[in-house]
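Residue numbers (the working numbering): 1369 to 1925.
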């Protein structure tokens, strides 16, 4: 065997995975996946059965530790790599996924006295119940002269950010807020459990914590304007010490090494957001190439030599993705979840019987049937807001819709319209970048969807008018995390001294690519113009019926 080797640990929405990677060429020797026992907690708390209100999404942090104890040893055993050959470990995580803990890192939800309190649990990235706090943050920032704090985030933040979630704890469960010695990103928490020392990473701090390399976190005056109880949030429950990507957070403790079957002292990198980890793993190390991580949601990443303030973009952070460049993030909160919702809740029984008879999944059957349709043939058009809009409207209170339904509409037509809606949403994001001086000339796709749905890939090429490439790795976030581990180890130990160097040696693209089909482009241009009309009418305040309906729903509960 060659080597040396690094381990990338990718903590997703439903499971965690570990991949063993050859530092010299990026070859992935083995992978193991460990599902979270509790999955996403969005209806009721475990054990007590205490019901949760709409828009809640929680997790149990013990599930994250089980990934270290199961996925890592399994991957290591399958690879045949010895612990002595592993020089570094990198971790990526969803964000903002955050939790309140005691001074020694113990999650409050794992203490008996807090087990039945929803606010003591991990708030997952797609916990949207803090949108009222996000709305107040935006309004107070404008009223009190703190607009600059919002500028790097497209003019407003939403419920997926750290501060709204922390404020929701203070608002609704002040006793939990008081009991929390620290409030921390889950990625930083899992690194803490591995090395025994609390660290904070620049990626999550910058994109989800309103931190900048130049100005730090929002000042106490602003936090006090939100709520006097928040004034000392950063000083007392967070940290001003933010570490750059690729930095060595520390070495494995003896306890963590025993969990994972590794050597104590093995280098561990500071955490990184899952989507951002995928960028170097997709071969992107410079401007004009967009990476789209396609999974339950879409995350759009692009880098530039310039800092430009863009409307409705999730964030721009110096060195936030790659050193020496400004990293831009945008996203769509519902993509794979969009399709899964339809398959699980709205597919006719006859389709399920046909799929079973043919030995295929309902998802694959719908894709097959949808691929036989021509663009525009269904007469349907949808807005892709089943889980709110992240970019460019930054509004979690928006909801999905579809127009054009008739008594003759078939399931595959709806399925295709849902795919097209997400492609139109991506085009809105790309056009926002281009119109504001950030060029995008091609797309590199990663994540689970490029492997699962070739129709989706072609539709994205046709709708955006851009060539789509596919990253060679099917698990780019994990590979990117491994690259961070190689940089944390450093060249002296057999790793690398920068992410750019690691990407040049460890990343690649597949031979396949998707090019726009001109006749499809012409039809999609017409559909996209209609999409923009609906997008602006329902999303920019002309008709807030979606929000009124949500209010009626909440009142009826």
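Where is the CB? At the ideal position from N, CA and C, for every residue including glycine.
- Rounded to whole angstroms, the gap between the alpha carbons of residue 1784 and residue 1835 is 20 Å.
- Here residue 1818 carries a helix assignment [DSSP, helix/strand/coil].
- For residue 1897, the enclosing alpha helix (DSSP H) covers residues 1886-1907.
- Residue 1850 and residue 1874 have their alpha carbons spaced roughly 10 Å apart.
- By the criterion of a C-beta distance shorter than 6 Å, residue 1647 is surrounded in its chain by 1659, 1669 and 1689, once the five residues flanking it on both sides are discounted.
- Under the DSSP definition of a beta bridge, residue 1399 partners with 1387.
- Annotated as distal: residue 1847 and residue 1749, with beta-carbon spacing of 8 Å or more.
- Nearest to residue 1640 by alpha-carbon distance, out of 1464, 1771 and 1841, is 1464.
- If you look at residue 1710, you'll find it in the alpha helix (DSSP H) that goes 1704-1713.
- Counted as a single uninterrupted DSSP element, the beta strand (DSSP E) harbouring residue 1553 occupies residues 1550-1553.
- In this structure, 1607 is the residue among 1593, 1595, 1607 and 1702 with its C-alpha nearest to the C-alpha of residue 1585.
- The C-beta distance from residue 1804 to residue 1676 rounds to 6 Å, short enough to fall under 8 Å.
- For residue 1920, the enclosing alpha helix (DSSP H) has its first and last residue at 1913-1924.
- Relative to the Cα of residue 1892, the nearest Cα in the group 1866, 1697, 1787 and 1613 belongs to 1787.
- Sorting 1569, 1728, 1448 and 1890 by C-alpha distance to the C-alpha of residue 1612 places 1569 at the top.
- When the five nearest sequence neighbours on each side are left out, the beta carbons in the same chain lying within less than 6 Å of the beta carbon of residue 1864 are those of 1854, 1855 and 1870, in order along the chain.
- In this structure, DSSP gives residue 1569 an extended state, which the three-state scheme calls strand.
- C-alpha of residue 1915 to C-alpha of residue 1527: approximately 15 Å in a straight line.
- The segment 1384-1394 makes no contact with the segment 1877-1893: fewer than 3 CB pairs, one atom from each, lie closer than 8 Å.
- Cβ contact annotation for residue 1509 (same chain, cutoff 8 Å, sequence separation greater than five): 1515, 1517, 1518 and 1590, in chain order.
- The C-beta of residue 1496 has 16 or more other C-beta atoms within 10 Å across all chains shown, which makes the residue buried.
- Between residue 1621 and the set 1537, 1642, 1701 and 1636, the nearest pair of CA atoms involves 1636.
- In its chain, beyond the 5 residues on either side, 1406 have a beta carbon closer than 6 Å to the beta carbon of residue 1428.
- Our two residues, residue 1817 and residue 1779, have alpha carbons roughly 20 Å apart in a direct line.
- For residue 1867, the uninterrupted alpha helix (DSSP H) segment begins and ends at 1867-1874.
- Take residue 1662, set aside five residues on each side of it, and the residues of its chain with a beta-carbon closer than 8 Å to its own are 1703, 1704, 1813, 1814, 1815, 1816, 1817, 1818 and 1824, in chain order.
- For residue 1506, the uninterrupted alpha helix (DSSP H) segment begins and ends at 1499-1511.
- Residue 1449 carries a coil assignment under DSSP once its states are collapsed to helix, strand and coil.
- Under the criterion of beta carbons closer than 8 Å, residue 1426 and residue 1490 qualify as touching, at roughly 6 Å.
- Distance from the CA of residue 1730 to the CA of residue 1741, rounded to the nearest whole angstrom, comes to 17 Å.
- Three or more Cβ pairs closer than 8 Å define a contact, and the segment 1709-1729 falls short of that threshold against the segment 1690-1699.
- In the three-state DSSP reduction, residue 1518 falls in the helix class (H, G or I).
- According to the DSSP assignment, residue 1851 belongs to the alpha helix (DSSP H) that extends over 1844-1857.
- Assignment of residue 1718 by DSSP, reduced to helix, strand and coil, places it in the helix class.
- With fewer than 16 other beta carbons inside 10 angstroms of its own, residue 1905 counts as exposed.
- Residue nearest to residue 1743 within the set 1701, 1715 and 1826 is 1826 (criterion: CA-CA distance).
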